[in-house]
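Student: Quick note, the sequences are listed as chains A and B, same order. If you're matching positions, the first sequence starts at 1290 in the numbering used here and goes up one per residue. If you're matching positions, the second sequence starts at 1290 in the numbering used here and goes up one per residue. Yeah, the Cβ is synthetic: ideal placement off N, Cα and C, and Gly gets one too.
Protein chains: 2
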Amino acid sequence: MTIPASASKIEKDPVQIRLSGAGGQGLITAGIILAEAAVLDGKNAVQTQSYGPEARLGASKSEVIISSRKIAYPQVTKPDILLCLSQDAFVKYVSQTNPDTVIILDSGTVECKAPGGRLIYQFPITEAAVKVGSKVAANVVALGVIGTLARLVTSESLRRAVTKRVPERFRALNEKALEAGKRLVESAKVESSQAS
Amino acid sequence: MTIPASASKIEKDPVQIRLSGAGGQGLITAGIILAEAAVLDGKNAVQTQSYGPEARLGASKSEVIISSRKIAYPQVTKPDILLCLSQDAFVKYVSQTNPDTVIILDSGTVECKAPGGRLIYQFPITEAAVKVGSKVAANVVALGVIGTLARLVTSESLRRAVTKRVPERFRALNEKALEAGKRLVESAKVESSQAS
């Protein structure tokens, strides 16, 4: 896909991130890793999961708020970054965004019907995970994408947080997944003006 | 220890739980398991971690709110249940409680200087974990204690949530840990009037 040169780095503080998809896609772990990476960068982070009886079937989400200051209100209202790894999650959460929310989709699992003129980042996240060894690493590929695209956390802290949080026997897989996510962004064409 | 017959079952809705201790004691996992058990019971749950740069050294916490209704305000203000697995956590969080907060300590790691007249439940949680195989299971022993003492979630849902969330090779250890926590409560002497 094509990335506008200026659009992706998130400068807000606090920054709100919503990671969404289906149950079993590792979104809780992804949220914990992102929060722990922010702490390694010397920031504050709050990480939240909301569960309801419906969460077992439909869209599930994990949320992170990162700030250089103390976080007074730990609830994501409208996210600055929205990741969607499933169609149900996209349908459910795309309406709860701002015009400048950075929306990132798994192009393999989400058919994107974008609200008029919105820039939506689409990457083959699950496909990249399968290529490095297993679709269960799609959550970490997504972290590689988010980290590289929005530069919320340093890549070194993200790598250390992944190493800390995933079981040892999956460490090599997840390091490759993180790199694969980074490459998806770096190999995308960068445009000099906003796409529509 | 001695348990007053009437004091422990929590009837509040929503109920707020704060699990505290040191980093590496598995409190995030414990919070996720407790939240998932509540969902298996058909309830709603929100589970939150707050991290700051100081969290790497001192007290860390994981919070859960459980309700039969939608949870509007997902932040724990003063918990109905406070678990402390480290001295630092006890010192930090004991002041942020109500007079009727159920406070549960690991008697092996926390020296309890209770605020005047408060009932504080003390169990050898880490010791029980070591007896079933490893101190890393202290988080799940604590869940067994909380589940049996406060009856927030059914024991069947708690067992299923543990099975789902812990890696397969640690499953037997954690099932024993859950049972050990249950036994710590059941084998405590029950008093017919409130202790002081």
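Could you pull out every residue in the same chain whose Cβ sits closer than 8 angstroms to the Cβ of residue 1448 of chain B, ignoring the five residues on either side in sequence?
Tutor: 1464, 1467
Student: If contact is defined by three or more beta carbon pairs under 8 angstroms, each pair taking one atom from either stretch, is the segment 1328-1344 of chain B in contact with the segment 1442-1460 of chain B?
Tutor: yes
Student: Nearest chain A C-beta to residue 1324 of chain B closer than 8 angstroms, yes or no?
Tutor: Yes, residue 1324 of chain B lies at the interface with chain A (some Cβ there is under 8 angstroms from its Cβ).
Student: Taking the CB atoms as reference points, tell me whether residue 1470 of chain B and residue 1425 of chain B lie closer together than 8 angstroms.
Tutor: no
Student: Using the beta-carbon count (16 or more within 10 Å), is residue 1366 of chain B buried or exposed?
Tutor: With fewer than 16 other Cβ atoms within 10 Å, it is exposed.
Student: Does DSSP put residue 1348 of chain B in a helix, in a strand, or in coil?
Tutor: strand
Student: If you run the structure through DSSP and keep just helix, strand and coil, what is residue 1360 of chain B?
Tutor: coil
Student: Count the other CB atoms, across all protein chains shown, that sit within 10 Å of the CB of residue 1362 of chain A; report buried if there are 16 or more and exposed otherwise.
Tutor: Label assigned to residue 1362 of chain A: exposed.
Student: Looking only at DSSP bridge pairs, what is residue 1337 of chain B linked to?
Tutor: A/1337, B/1352
Student: Quick one: Cα of residue 1385 of chain A to Cα of residue 1368 of chain A, how far?
Tutor: 8 angstroms
Student: Give me the chain A residues within the contact set of residue 1334 of chain B, using Cβ-Cβ distance strictly less than 7 angstroms, ordered along the chain.
Tutor: Result: 1340.
Student: Apart from the five residues just before and just after residue 1317 of chain B, which ones in its own chain have a Cβ nearer than 6 angstroms to its Cβ?
Tutor: 1338, 1351
Student: Can you say whether residue 1387 of chain B is buried or exposed, counting buried as having 16 or more other CB atoms within 10 angstroms of its CB?
Tutor: exposed
Student: Please tell me whether residue 1408 of chain A and residue 1393 of chain A are closer than 8 angstroms, where the distance is taken between their beta carbons.
Tutor: no
Student: Distance check for residue 1376 of chain A and residue 1312 of chain A, CA to CA, integer angstroms please.
Tutor: 13 angstroms
Student: List the residues of chain B whose Cβ lies closer than 7 angstroms to the Cβ of residue 1398 of chain A, in chain order.
Tutor: Within 7 angstroms Cβ-Cβ: nothing; residue 1398 of chain A doesn't reach chain B, min ~23 angstroms.
Student: Give the straight-line distance between the Cα atoms of residue 1390 of chain B and residue 1353 of chain B, rounded to the nearest whole angstrom.
Tutor: 15 angstroms
Student: On the three-state DSSP scale, how would you describe residue 1469 of chain A?
Tutor: In the structure shown, residue 1469 of chain A adopts helical secondary structure according to DSSP, grouped into three states.
Student: I'd like the span of the beta strand (DSSP E) that includes residue 1395 of chain A, first residue to last.
Tutor: Residue range 1391-1395 is occupied by the beta strand (DSSP E) that includes residue 1395 of chain A.
Student: Could you check the C-alpha separation between residue 1397 of chain A and residue 1411 of chain A for me, to the nearest Å?
Tutor: In this structure, the CA atom of residue 1397 of chain A is about 9 angstroms from the CA atom of residue 1411 of chain A.
Student: Output, in chain order, the set of chain A residues within a Cβ distance shorter than 8 angstroms of residue 1306 of chain B.
Tutor: Going along chain A, no residue has its Cβ under 8 angstroms from residue 1306 of chain B, so there is no contact; the nearest lies around 14 angstroms.
Student: Of all the residues that make up the segment 1359-1370 of chain A, which are near chain B by a beta-carbon distance shorter than 9 angstroms?
Tutor: 1359, 1360, 1362, 1363, 1364
Student: So with CB distances below 7 angstroms, who are the chain B contacts of residue 1452 of chain A?
Tutor: The premise fails here: residue 1452 of chain A is roughly 15 angstroms from chain B at the closest Cβ pair, so nothing lies under 7 angstroms.
Student: Would residue 1435 of chain B count as contacting chain A if we go by Cβ distances under 8 angstroms?
Tutor: no
Student: On the criterion of 16 or more Cβ atoms from any shown chain inside 10 Å, does residue 1370 of chain A qualify as buried, or is it exposed?
Tutor: Buried, by the Cβ-count rule.
Student: Determine whether the Cβ of residue 1497 of chain B lies closer than 8 angstroms to any Cβ atom of chain A.
Tutor: Residue 1497 of chain B falls outside the range modelled here, since chain B spans only 1290 to 1485, and no answer is possible.
Student: Looking at residue 1486 of chain B: is its Cβ nearer than 8 angstroms to the Cβ of residue 1340 of chain A?
Tutor: As displayed, chain B neither begins before 1290 nor continues past 1485, which places residue 1486 of chain B out of reach and without an answer.
Student: To the nearest angstrom, how far is the alpha carbon of residue 1484 of chain B from that of residue 1438 of chain B?
Tutor: Confidence at residue 1484 of chain B is low in this model, with a pLDDT of 40, below 50, so the placement of that residue is unreliable and no value is reported for it.
Student: Closer than 8 angstroms by beta-carbon distance: list the chain A residues that pair up with residue 1456 of chain B, in chain order.
Tutor: Among the residues of chain A, those whose CB is under 8 angstroms from the CB of residue 1456 of chain B are 1456, following chain order.
Student: Mind checking residue 1461 of chain A: buried by the 16 CB within 10 Å criterion, or exposed?
Tutor: exposed
Student: Just reading off the alpha helix (DSSP H) that residue 1372 of chain B is part of, what are its end residues?
Tutor: Segment 1370-1373 is the beta strand (DSSP E) holding residue 1372 of chain B; no alpha helix (DSSP H) there.
Student: Report the neighbours of residue 1317 of chain A on chain B: residues whose CB is nearer than 8 angstroms to its CB, in chain order.
Tutor: 1321
Student: Compare the Cα-Cα distances from residue 1374 of chain A to each of A/1305, A/1430, A/1421 and report the closest residue.
Tutor: A/1430
Student: For residue 1400 of chain A and residue 1423 of chain B, what's the separation of their Cα atoms in angstroms?
Tutor: 47 angstroms
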